[in-house]
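Read through the structure below, which is laid out as structure tokens, and then see the notes.
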Amino acid sequence: MKTGIYTTIDKENMRMLELISSIRGIKKTHIINEALEYYFNAIKTVPQEFIVKPIHIEKEESEKLTKERNPTKDLIALMNDN
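Laid out in structure tokens, this is it:
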């Protein structure tokens, strides 16, 4: 049985979700469902005292490139799953 949910998502998480979805050709709902499965599996498997809540701190300066660079062959291969 499937059910729909509504939630708000952090801008950066939404950007990454849309990027991965378009690059991989995977529906966003599938990515979210897999992420939830990984999360629930981790909660069942890893003892609670070892689970640390993630902290996301973003500064505007961290989004800017220090200088423009062309991607390396290795990066292109990685992004193309070669």
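The opening position of the sequence shown corresponds to residue 30 in this note's numbering, with each subsequent residue numbered one higher.
Ideal Cβ positions, reconstructed from N, Cα and C, are used throughout, including at glycine.
Residue i, enclosing alpha helix (DSSP H) - first and last residue
i	result
Asp103	102 to 108
Tyr68	57 to 74
Asn42	40 to 53
8 Å Cβ shell around residue i - same chain, five flanking residues per side excluded
i	result
Leu46	Ile38, Lys57, Ile60, Ile61
heavy atom of the ligand MN below 7 Å from residue i C-beta
i	result
Pro76	Only the bare structure without any ligand can be found here, which leaves the ligand MN out of the picture.
Sequence-distant residues of the same chain with beta carbon closer than 7 Å to residue i, five excluded per side
i	result
Tyr67	none
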